[in-house]
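Colleague: In our numbering, the protein residues as written are 4 to 158. Quick reminder that beta carbons are idealized off the backbone N, C-alpha and C, glycines included. Here the structure is a predicted model, which means the values were calculated and not measured.
1. Taking the straight line between their C-alpha atoms, what separation do you get for residue 71 and residue 124?
2. For residue 111, which option in 50, 36, 27, 28 has the closest C-alpha, if you only look at C-alpha atoms?
3. Smallest Cα separation from residue 52: which of 76, 144, 150, 154?
4. Which partner residues does residue 144 have in the DSSP bridge list?
5. Give the single residue among 29, 27, 47, 28 whose Cα lies nearest to the Cα of residue 36.
6. Could you tell me the alpha carbon to alpha carbon distance between residue 24 and residue 150, rounded to whole angstroms?
7. Which whole-angstrom value is the C-beta distance of residue 62 and residue 141, which I expect to be below 8 Å?
Right, here's the structure in full:
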């Protein structure tokens, strides 16, 4: 009888381990894009339920030749600009830079949004409002996650 209980315990423990491993630690919600020609953009919210941080390190989309990770940031203009013939340059400018990864904190979220992190798509064809874009996001720890982004009409 004890042997049967032992094997039953191992079997149930194995099923639990399989069930837990099937649940991805990282998920993607609220993914969206805009109608686009040549170059598209995708925004989304990344959720990490794991106790360790993760990083989005790449992405793929069958509608794009390539997908890049980018960050838009604001650059403050202090005053005169030698590059612009010493013209006054008060205010700020935005700058977009490719990044090697997007950090996703342990037990937290990161939002890919206009003015911050986002995905850039080198499109094979135009994106039209109302369609859905299939995506595969590659995380350093969680691996590949499938998602889709809805193309929203411009407001």
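Modeller: According to the structure data:
1. As a position in the chain shown, residue 71 is number 68, starting the count at 1. As a position in the chain shown, residue 124 is number 121, starting the count at 1. Each residue's alpha carbon lies about 7 Å from the other.
2. If you number the chain shown from 1, residue 111 lands on position 108. The residue with the shortest Cα to Cα distance from residue 111 is 50.
3. Taking the first residue of the chain shown as 1, we reach residue 52 at position 49. Checked all of 76, 144, 150, 154; the closest Cα to residue 52 is 144.
4. The residue labelled residue 144 in the question sits at position 141 within the chain shown. DSSP, once it has assigned bridges, lists no residue as partnering residue 144.
5. Position 33 of the chain shown, counting from 1, holds the residue named residue 36. Of 29, 27, 47, 28, the residue nearest in Cα terms is 47.
6. Translated into the one-based positions of the chain shown, residue 24 becomes position 21. Translated into the one-based positions of the chain shown, residue 150 becomes position 147. Because the pLDDT at residue 24 is just 48, under 50, the model does not fix this residue reliably, and the point stays unresolved.
7. Here residue 62 refers to the residue found at position 59 when the chain shown is read from its first residue. Here residue 141 refers to the residue found at position 138 when the chain shown is read from its first residue. In this structure residue 62 touches residue 141 by the C-beta definition: roughly 6 Å separates them, less than 8 Å.
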